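Residue numbers (the working numbering): 364 to 608.
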Amino acid sequence: MVSLRLILASVVLLAAVGLLHLIGATLPAQAQGAIQMGLDMNTAGNTASTLGPIERCYEVAWSGTPFDGVADRTIDVYVIGDTQAPIVYDAWVTYDNSKVHVLQTAPTDPLIKMQGALNLSGYQAGQASFAAEYSAPPYNGIAGNGTLVRVALDIGSSGVLAFDFAKGAYRSQAGLHSVVTGPGQLAVNTGCPAVGGIAELPELVAGADSSRDRVVVTAAVAGAIGLTLIATYAARGWRSRSVRR
């Protein structure tokens with residue numbers, strides 16, 4: 364009886380794992396190509412569909428008035444791996460608000476790749492939450508590696524200004540893409556940080572997926588857990604019947 368109980372439990376567990384694998388394999392988040400979303404501290408040569416040399420740390424001279432509401436410098440949020448134009452994205456950039464401010468008006472532009480889209484960007488001290496969406500056709504997004512957002516900076520002090528991502532998400536008409544984000548540094552009146560004579564560059568990290576796709580993944584996991592519980596209950600029930608007999 365023990366062997367039959369284990370066989371029953373194993374069959375149901377294998378079914379659960381198989382279902383989860385099947386659902387996960389067909390999710391748009393898994394099916395689409397990966398997007399690298401990073402920060403280029405030198406915008407020269409960048410457009411919506413082209414990129415110049417990417418400078419993840421860049422040295423600049425500055426002698427302006429601190430926090431005067433005027434753009435002292437621009438940096439770019441770029442994407443690589445963009446073979447299909449975006450229809451919605453999130454690029455939440457974080458920074459030290461005591462050293463630099465992000466301007467909400469031009470030359471800041473969250474719609475470089477998505478002309479005519481709904482600008483959903485929001486701003487708070489230390490974080491600029493850039494976002495845009497096409498709620499309905501026509502989708503006029505621009506495909507290709509290039510600038511997603513141009514960010515205007517109002518510098519407040521010298522030193523190394525560090526920028527990072529709180530979130531990076533990207534969807535094309537084909538579905539949700541996985542995202543890897545890469546921070547950047549602007550060295551104002553100083554040199555880029557170095558270790559052993561080599562400029563120290565921040566590492567790329569996995570970005571966040573969209574909440575709607577997380578719901579689908581959660582449902583799949585819950586289904587698999589449910590099947591697992593069925594297997595456990597069946598095994599225990601079989602054992603109880605065996606004992607009663």
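Backbone N, C-alpha and C define an ideal beta-carbon position, used for all residues, glycine too. Predicted model, so just to flag it, every value in this text is computed and none were measured.
Here's the rule: buried if 16 or more other CB atoms are within 10 angstroms of the residue's CB, otherwise exposed. What is residue 433? Looking up residue 433 in the sequence shown gives position 70. Counting C-beta atoms within 10 angstroms of its own C-beta, residue 433 has fewer than 16 neighbours from the protein chains shown and is therefore classed as exposed.
Contact set for residue 335: own chain, Cβ-Cβ below 6 Å, skip 5 residues either direction: No information on residue 335 is available, as it lies outside the stretch 364 to 608 that the chain covers here.
So which of 552, 478 and 487 has the shortest CA-CA distance to residue 521? Against the sequence shown, residue 521 aligns to sequence position 158. Comparing Cα-Cα distances from residue 521 to each of 552, 478 and 487, the minimum goes to 552.
Give every residue of the same chain whose Cβ lies closer than 6 Å to the Cβ of residue 447, excluding the five residues on either side of it in the sequence, and list them in chain order. On the sequence shown, position 84 is the one that residue 447 refers to. Result list for residue 447: 506, 535 and 537, in chain order.
Look at the Cβ atom of residue 406, then the Cβ atom of residue 509, and state whether they are nearer than 7 Å. Locating residue 406 in the sequence shown gives position 43, where the first residue counts as 1. Locating residue 509 in the sequence shown gives position 146, where the first residue counts as 1. No, the Cβ-Cβ distance between residue 406 and residue 509 is not below 7 Å.
N-terminal and C-terminal residue of the beta strand (DSSP E) that residue 423 is part of: By 1-based counting over the sequence shown, the position of residue 423 is 60. 420-423 is the extent of the beta strand (DSSP E) around residue 423.
Hey, how far is the Cα of residue 544 from the Cα of residue 531? For the purposes of this step, residue 544 is taken as residue 181 along the sequence shown, with counting starting at 1. For the purposes of this step, residue 531 is taken as residue 168 along the sequence shown, with counting starting at 1. Cα to Cα, the separation comes out at about 7 Å.
Where does residue 504 land, buried or exposed, given buried means 16+ other C-beta within 10 angstroms? Walking along the sequence shown from the start, residue 504 turns up at place 141. Looking at its Cβ environment, which holds 16 or more other Cβ atoms inside 10 Å, residue 504 is buried.
How should residue 473 be labelled, buried or exposed, when 16 other C-beta atoms within 10 angstroms of its C-beta is the threshold for buried? Position 110 of the sequence shown holds residue 473. Its Cβ being crowded by 16 or more others within 10 Å, residue 473 is buried.
Separation of residue 556 from residue 572, as counted between CA atoms: Within the sequence shown, residue 572 is the residue found at index 209, counting from 1. Within the sequence shown, residue 556 is the residue found at index 193, counting from 1. Since pLDDT at residue 572 reaches only 45, below the 50 mark, its modelled position is unreliable, and no value is offered.
Output the distance between the C-alpha atoms of residue 460 and residue 489, rounded to the nearest integer angstrom. Counting from 1 along the sequence shown, the entry for residue 460 is found at position 97. Counting from 1 along the sequence shown, the entry for residue 489 is found at position 126. Roughly 5 Å between the two C-alpha positions.
Within a Cβ cutoff of 6 Å, which residues of the same chain sit near residue 453, ignoring the five residues on either side of it in sequence? Counting from one through the sequence shown, the residue named residue 453 turns up at place 90. Within the same chain, residue 453 has close Cβ partners 494, 530 and 532.
Thinking just about the alpha-carbon of each residue, which of 400, 480 and 395 is nearest to the one in residue 450? As a first step, residue 450 is located in the sequence shown; it is residue number 87 there, counting from the start. Nearest C-alpha to residue 450: 480.
In DSSP terms, what residue 433 is bridged to: In the sequence shown, counting from the first residue as 1, residue 433 sits at position 70. BP columns for residue 433 are empty, so no partner.
Coil, strand or helix - residue 466 by DSSP: In the sequence shown, the residue the question calls residue 466 occupies position 103. If DSSP states are grouped into helix, strand and coil, residue 466 belongs with coil.
Give the secondary structure of residue 476 by DSSP, where H, G and I count as helix, E and B as strand, and everything else as coil. Position 113 of the sequence shown, counting from 1, holds the residue named residue 476. Note: residue 476 maps to coil in three-state DSSP.
Assigned exposure category for residue 431 - 16 Cβ within 10 Å defines buried: Sequence index remark: in the sequence shown, residue 431 carries index 68 (1-based). That one is exposed.
Tell whether a beta-carbon distance below 7 Å holds between residue 443 and residue 514. Position 80 of the sequence shown, counting from 1, holds the residue named residue 443. Position 151 of the sequence shown, counting from 1, holds the residue named residue 514. Contact flag unset, no.
In the structure shown, what three-state DSSP assignment does residue 413 receive? In the sequence shown, the residue the question calls residue 413 occupies position 50. Coil, per DSSP.
Spatial neighbours of residue 478 within its chain, please: CB distance less than 7 Å, with the 5 preceding and 5 following residues excluded, ordered by chain position. The residue you call residue 478 lines up with position 115 of the sequence shown. 503.
Could you tell me which residues DSSP pairs with residue 449 in its beta bridges? On the sequence shown, residue 449 is found 86 positions in, with the first residue counted as 1. Looking at the DSSP assignment, residue 449 forms a beta bridge with 535.
Using alpha carbons as the reference points, say which of 476, 436 and 396 lies closest to residue 413. For the purposes of this step, residue 413 is taken as the residue at position 50 of the sequence shown. For residue 413, the nearest C-alpha among the options comes from 476.
Where residue 465 and residue 471 are concerned, what is the direct C-alpha to C-alpha distance, given to the nearest angstrom? Taking the sequence shown and counting its residues from 1, one reaches residue 465 at position 102. Taking the sequence shown and counting its residues from 1, one reaches residue 471 at position 108. If I take the Cα positions, the gap works out to 8 Å.
Taking only three categories from DSSP, how would you classify residue 454? Position 91 of the sequence shown, counting from 1, holds the residue named residue 454. For residue 454, the three-state secondary structure derived from DSSP is strand.
Label residue 399 either buried or exposed according to how many other C-beta atoms from any shown protein chain fall within 10 Å of its C-beta, with 16 as the threshold for buried. Against the sequence shown, residue 399 aligns to sequence position 36. Buried, by the Cβ-count rule.
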